[in-house]
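Chains as they are written, first to last, in numbering that gives the first Met the number 0: chain D, 0 to 318; chain B, 0 to 343. Glycine is no exception: its CB is placed at the ideal position from the N, C-alpha and C atoms. Because the structure is a prediction, the values reported are computed rather than measured. See structure below.
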Amino acid sequence: MARPSLTRLFGPIREARGVPKWVVIAGIAITIAFVVFALFAPWIAPYDFDTYRTADGVRFPKQGHPSGDHLFGTNVQSTDVLSRVIYGARTALEVVILAVIFSLAVGLPLGLISGYFGGKLDRVLLLVMDSLFAFPYLLLAIVVAFLLSDRLGRGVMTAAVSISVVYVPQYYRVVRNHVISVREETYVEAARALGAKPRTVISRYILQNVIQNVPVIATLNAADAILTLAALGFLGYGIQPTDAAEWGYDLQRAISDAGAGIWWTGLFPGFAIVTLVTGLTLLGEGLNDVLNPVLRRRPIQAVILPERQSRLPAGEAGV
Amino acid sequence: MAGGQQTTSLRTYALTRLGLALPMVLILLTMVFLLLRVAPGDPITAALGGRLPPEQLEERREAAGYNRSLAVQYLEYLGNVATLDFGETIVDNRPVTRVITQNGAATLELTVVALFVALLVGIGVGLVSGRYRDTPVDVAGRLFGILIYAAPVFFLGFLAQLVFAQWLGWFPTSGRASPVTSYDLDTPTNLFLVDSLIALDFSAFSDVLSHLVLPAVTLGLVTGGVFIRLIRVNVLQTLQGDYIEAARARGLSERTVMWHHAFRNALVPVITVVGLQVALLLGGAVLTEQTFNWPGIGSELIRYLNNRDYIAIQGIITFFALVVVIVSLLIDLLNAWVDPRVRY
């Protein structure tokens, strides 16, 4: 079951040519680099994310200029900027993976049910989701993070739930619309005519078809979720600073450094965000070009045309 | 959407669209009420609990009506919103309507100028990118679009402060005006640009403008990224249209074909996207205001969040919900007026 669908997923990437292929490859390379940072942060980073002194108890310089000991310098709390950037990848990926799973877990079933059964339920759900979608997403995330921080504390879980609230309507909308177009296909009708229960029809025929879109949307949403997490952190409603390193929080602390001409505390976390988001966007866009049969460009194969029997006079044949 | 013979008049469309907006307002208001009023318990305890003795808390809860049933409070909330009464903040006893008129004006000034910058950048780069497809100009334009989308607004703000304020010293980094100006200037509209023009005080105007440049350009650039992509694709599509071919066949100059046939049609969908961008712009404004110490409604929201003032938060969020629904309604009507195909 898993094997054929994996081949279906990776086959087109191997077949792709030209720009889309390079876009996917660049996206994959950047994403993998950040995943490696996230997984092996303790081995790659020179210090812990909250270390502010050496093993002998000598405090690191405060807002120290980049140097041999601290390649990216140190920040106002005397912690090593390079280490925080690397550990930040870990926080970002943790939150984003959870957020994508949560929003899929809610948005996908709701979209399937709403699209397949239609009727009143569909109309009510659609209206609720559209209202949620119309609302400024960042404000929604802040309010949810604010309310949850009382109950769950300000950890990875709170951030992930607040972010997924933003993306549920998007998954719902895409899945629902796709289901509606697939629902009327002949093979679905055939399955229904053979007496298949709704459950079977949805899981065997519709889900299989709809799931094709998910990798692209999930990747693009992950890129967006990185930005939302950073925004939450920047506003002080992200991860508790003592728990983990987070780029948005670091940038918030760096804003006041800008006035003093201290560039390294903000530049590096900012670059980390831009690079990871660009990487994920390229990956998503590239996957879309490669997986979407309408946009896909296959390698051109030489076609030998049979001798043309033109009935037109020679002069007009080329028109 | 079928096109062709549309019989629906603009008035019918407007009424249908209005009919759709009302349930949306009701849903948003219900969600705000459930999230901010039911979930956390009563606002007085949340804001002042532990700071006042229990009897006094009870007194204030009773005075504010929080010991009544939630259904009554819900109806009262809807009634208040209908009369544009958003309550009074707990921590500094300010009517939320005053927060909206005073700080909201600062946000309005910022977002309107930012939208202008976004359209300028988005349309300019998008048109050039689409016109000169696959040339280095196009590649540069698209890359700019991707990078600008990937950059958080506060990171751009950080860079702008570093380069243009700290290193070059061209613009100030925080606030809406220098202390002298804000002391001297009469502010009947709270839109400082307008106020300084009314007062014919041009030194104040240039001071206000120089404070506005960095925040507005930062927010505008981030928002403009979306327009670049949209307009480029639109230009590519319109250039493939038959009427472009026809215009060229009639011997019109390439210039006329581009400006009168291709670009004009490529710009129609921009109206819709402007509407969609308003939500993004408001979210971005909160971040921009925090970055540049801009005393807008977003900064106030964060301040009240930090003070756990649920009444203020509820009022401001309610206001945002209304703004979003009204703007999307206006945009749809405008769109229907411009483009008859839109009417259902």
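Indicate whether Y303 (chain B) and L35 (chain B) have their beta-carbon atoms separated by less than 8 angstroms.
Translated into positions along the second sequence, residue 303 (chain B) becomes position 304. Translated into positions along the second sequence, residue 35 (chain B) becomes position 36. Taking 8 angstroms as the Cβ cut-off, Y303 (chain B) and L35 (chain B) do not qualify as a contacting pair.
Would you call the CB atoms of V95 (chain D) and A221 (chain D) closer than 8 angstroms?
To locate residue 95 (chain D), count along the first sequence from 1; it is residue 96. To locate residue 221 (chain D), count along the first sequence from 1; it is residue 222. Result yes, Cβ atoms of V95 (chain D) and A221 (chain D) sit closer than 8 angstroms.
Contact criterion: CB-CB distance below 8 angstroms. Does S327 (chain B) meet it with respect to chain D?
Working through the second sequence from its first residue, we reach residue 327 (chain B) at position 328. Cβ-Cβ to chain D under 8 angstroms: yes for S327 (chain B).
Return the residue from the list B:V193, B:V322, B:P294, B:L27 that minimises the CA-CA distance to L280 (chain B).
Locating residue 280 (chain B) in the second sequence gives position 281, where the first residue counts as 1. Minimum Cα distance to L280 (chain B) is reached at B:V322.
Look up I330 (chain B) in the DSSP assignment and say whether it is helix, strand or coil.
The sequence position of residue 330 (chain B) within the second sequence is 331, counting from 1. Three-state result, I330 (chain B): helix.
Range of the contiguous alpha helix (DSSP H) that encloses N208 (chain D)
Here residue 208 (chain D) corresponds to residue number 209 of the first sequence, with the count starting at 1. Looking at the DSSP string, the run of the alpha helix (DSSP H) that includes N208 (chain D) is 206-209.
Given R191 (chain D), which residues of its chain have a CB within under 7 angstroms of its CB, disregarding the five upstream and five downstream residues?
Within the first sequence, numbered from 1, the residue matching residue 191 (chain D) stands at position 192. Within the same chain, R191 (chain D) has close Cβ partners V200.
Could you give the uninterrupted runs of the alpha helix (DSSP H) lying entirely in the region 8-56 of chain B, keeping only those of 4 residues or more?
9-32, 42-47
Can you look up E87 (chain B) in the DSSP assignment and give me helix, strand or coil?
Here residue 87 (chain B) is taken as the residue at index 88 of the second sequence, counted from 1. Reduced to three states, the DSSP call for E87 (chain B) is strand.
So P168 (chain D) is in the alpha helix (DSSP H); what residue range does that whole segment cover?
Residue numbering aside, residue 168 (chain D) sits at position 169 when the first sequence is read from its first letter. Counting along the chain, the alpha helix (DSSP H) containing P168 (chain D) begins and ends at 155-182.
Would you say L111 (chain D) and V178 (chain D) are within 8 angstroms of each other, going by their C-beta atoms?
The residue given as residue 111 (chain D) occupies position 112 in the first sequence. The residue given as residue 178 (chain D) occupies position 179 in the first sequence. A contact, by the Cβ cut-off of 8 angstroms.
Against chain D, with Cβ distances strictly below 8 angstroms, would V285 (chain B) count as a contact?
One-based indexing of the second sequence puts residue 285 (chain B) at position 286. Output row for V285 (chain B): interface = yes.
Mind checking if G265 (chain D) is an interface residue toward chain B, Cβ cutoff 8 angstroms exclusive?
Looking up residue 265 (chain D) in the first sequence gives position 266. Closer than 8 angstroms: yes.
Between the Cα of T44 (chain B) and the Cα atoms of B:M30, B:G64, B:L25, B:L33, which residue gives the shortest distance?
Taking the second sequence and counting its residues from 1, one reaches residue 44 (chain B) at position 45. Closest by alpha carbon: B:G64.
Contact list for the region 255-289 of chain B against chain E, Cβ threshold 8 angstroms
Checking the listed chains, one finds no chain E in this structure; the protein chains it contains are D and B.
When the cut-off is 8 angstroms and only beta carbons count, does I145 (chain B) lie next to chain D?
On the second sequence, residue 145 (chain B) is found 146 positions in, with the first residue counted as 1. Yes, I145 (chain B) lies at the interface with chain D (some Cβ there is under 8 angstroms from its Cβ).
Using a beta-carbon distance cut-off of less than 9 angstroms, what residues from the region 247-274 of chain D approach chain B?
G247, L250, Q251, A253, I254, D256, A257, G258, A259, G260, I261, W262, G265, L266, P268, G269, F270, I272, V273, T274
Contact with chain B by V35 (chain D), beta-carbon distance below 8 angstroms:
Within the first sequence, numbered from 1, the residue matching residue 35 (chain D) stands at position 36. Cβ-Cβ to chain B under 8 angstroms: no for V35 (chain D).
Which of the three DSSP states is assigned to T78 (chain D) in this structure?
For this step, residue 78 (chain D) is matched to residue 79 along the first sequence. Looking at T78 (chain D) - three-state DSSP - the assignment turns out to be coil, as it is neither helix nor strand.
So what's T53 (chain D) in DSSP terms, helix, strand or just coil?
Stepping through the first sequence from its first residue, residue 53 (chain D) is reached at position 54. Three-state result, T53 (chain D): coil.
If contact means a Cβ-Cβ distance below 9 angstroms, which residues of the region 77-101 of chain D contact chain B?
none
Helix, strand or coil at A1 (chain B) [DSSP, three-state]:
Translated into the one-based positions of the second sequence, residue 1 (chain B) becomes position 2. Unreliable positioning characterises A1 (chain B) in this predicted model, as indicated by a pLDDT of 42, which lies under 50. The coordinate reading is nonetheless provided below. Coil.
Tell me, to the nearest whole angstrom, how far the beta carbon of V142 (chain D) is from that of V160 (chain D); I am working on the premise that it is less than 8 angstroms.
Position 143 of the first sequence, counted from the first residue, corresponds to residue 142 (chain D). Position 161 of the first sequence, counted from the first residue, corresponds to residue 160 (chain D). At roughly 12 angstroms, the Cβ-Cβ gap does not stay under 8 angstroms, so V142 (chain D) and V160 (chain D) are not in contact.
Continuous alpha helix (DSSP H) stretch holding I243 (chain B): start and end
Reading the second sequence from its first residue, position 244 is the one you call residue 243 (chain B). Segment 241-248, the alpha helix (DSSP H) holding I243 (chain B).
Span separating the alpha-carbon of L192 (chain B) from that of N292 (chain B)
The residue given as residue 192 (chain B) occupies position 193 in the second sequence. The residue given as residue 292 (chain B) occupies position 293 in the second sequence. L192 (chain B) and N292 (chain B): Cα-Cα distance of roughly 18 angstroms.
Through-space distance from W246 (chain D) to A91 (chain D), alpha-carbon basis
On the first sequence, residue 91 (chain D) is found 92 positions in, with the first residue counted as 1. On the first sequence, residue 246 (chain D) is found 247 positions in, with the first residue counted as 1. Taking the straight line from one Cα to the other gives about 8 angstroms.
Closer than 8 angstroms, CB to CB, is Y171 (chain D) near chain B or not?
Along the first sequence, read from residue 1 onward, the residue named residue 171 (chain D) stands at position 172. No, because no Cβ of chain B sits closer than 8 angstroms to the Cβ of Y171 (chain D).
Taking 7 angstroms as the limit between beta carbons, can you name the residues of its chain near G3 (chain B), skipping five residues before and five after?
By one-based count along the second sequence, residue 3 (chain B) stands at place 4. No answer about G3 (chain B) holds up, because its pLDDT of 44 lies below 50 and its placement is not dependable.
For S177 (chain B), which option in B:V267, B:L208, B:I147 has the closest C-alpha, if you only look at C-alpha atoms?
As a working note, residue 177 (chain B) is residue 178 in the second sequence. With distances taken between Cα atoms, S177 (chain B) lies closest to B:L208.
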